[in-house]
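Step one of this worksheet: look at the structure below.
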Amino acid sequence: MGRSPCCEKAHTNKGAWTKEEDDRLVAHIRYHGEGCWRSLPKAAGLLRCGKSCRLRWINYLRPDLKRGNFTQEEDDLIIKLHSLLGNKWSLIAGRLPGRTDNEIKNYWNTHIRRKLVSQGIDPTSHRPITEPSAATSSQREANPSKIDKFIKEQVREKCPDLNLDLRISPPYQNQESFKTGTNGTFCFDCSTGIQNSKDCSCKYGNITNSGYDSLGLKSGVLDYRRLEMK
DNA sequence: AAAGCCGGCAACCGCCCATCC
DNA sequence: TGGATGGGCGGTTGCCGGCTT
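According to our numbering, the first sequence is numbered sequentially starting from 16.
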């Protein structure tokens with residue numbers, strides 16, 4: 016049914032890459048560039064699926080990769096981006112130079128998820144686990160709350176080209192105060208880091224150096240519109 | 001020392017989307 | 001316009017090494 020396989024499975028190697036295979040792949044790409052992944056294995060003399068070559072190159076062999084532990088800043092940024100984008104690992108990786116989507120995905124599943132749970136935070140909704148409104152994502156999708164609808168409306172208005180099917184969950188706030196910025200809470204703009212926005216409707220908008228710009232929205236490092244939609 | 005368990009991570013799978021013809 | 005193709009992505013699997021019993 017459907018499409019043909021991406022390669023001839025019967026004559027391809029699987030599993031861990033050997034040093035020799037790595038060398039062949041790197042040498043080929045250095046000389047010819049990335050080009051067509053499907054034809055690359057044959058051209059490079061590799062008994063590998065083209066997709067496997069692409070993955071190996073992108074995740075481990077690319078010269079611009081940053082290896083080693085994630086920093087606290089990277090941790091924070093991943094959490095913030097995940098609360099905004101959900102499991103869009105490639106988009107998240109696009110904001111972390113030298114990190115790959117696969118690396119971030121693994122790191123999330125093995126470290127950050129556990130860390131959030133231990134802090135009493137639902138890693139999917141980014142809301143306190145004990146909160147009655149901290150429903151599961153499927154519950155929220157089936158029966159979106161007022162705040163979910165409000166957030167989608169705001170994002171649609173501010174970023175019409177952003178995929179609204181993403182799961183977007185800013186830090187939990189009382190719904191009405193969240194919306195209006197009253198009672199000492201953040202308005203939508205400030206809660207997502209867009210402080211000093213012309214649309215800011217709360218008293219925090221003019222506070223400078225508040226440290227709540229981990230996404231880089233205020234500084235312009237991150238802009239919804241500039242998220243790389245590869 | 002050996003067996004079992006568990007966590008981390010590299011790699012694969014299958015689907016989706018954009019592009020080409 | 002619609003099918004074929006290739007690239008890209010998220011989810012999942014399975015291996016391996018370290019730890020515990």
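Where is the CB? At the ideal position from N, CA and C, for every residue including glycine.
Here the structure is a predicted model, which is why all the values come from computation and not from measurement.
When C-alpha distances from N74 are compared across T27, P138, E118, N28, the shortest belongs to E118. The segment 90-102 and the segment 58-77 do not touch, with fewer than 3 CB-CB distances between them shorter than 8 Å. Looking at the DSSP output, P143 bridges to I136. Spanning the alpha carbons of P138 and A108 requires a straight line of approximately 18 Å. Linking P143 to I93 through their CA atoms gives a straight-line distance of about 18 Å.
The shortest CA-to-CA distance from K66 to any of D91, L40, S98 is the one to L40. Cβ atoms of G48 and L80 stay farther apart than 8 Å, at about 18 Å. For W32, the CB contacts under 7 Å within the same chain, skipping 5 residues up- and downstream, are R71 in chain order.
Ranked by how close their Cα comes to the Cα of S140, the residues H97, R53, E89, L106 have H97 in first place.
Secondary structure at T125: helix, using DSSP grouped into helix, strand and coil. Setting aside the 5 residues that flank it on each side, D116 is surrounded in the same chain by W104, S105, I107, A108, each with a C-beta closer than 8 Å to its C-beta; the list follows chain order.
The Cβ atoms of E36 and R63 sit closer than 8 Å to each other. Counting along the chain, L40 sits inside the alpha helix (DSSP H) bounded by residues 34-47. In the structure shown, the three-state DSSP call for R69 is helix. The distance from the Cβ of E89 to that of L61 is about 33 Å, inconsistent with a contact at the 8 Å cut-off. Secondary structure at K120: helix, using DSSP grouped into helix, strand and coil.
Residue state for A31 is assigned as coil, using DSSP reduced to three classes. If you draw a straight line from the Cα of L131 to the Cα of Q87, it comes to about 14 Å.
Annotation: W52 is outside any alpha helix (DSSP H) and is labelled neither H nor E by DSSP. In the three-state reduction of the DSSP assignment, N74 falls in the helix class.
Counting along the chain, the unbroken alpha helix (DSSP H) around D91 starts and ends at 87-100.
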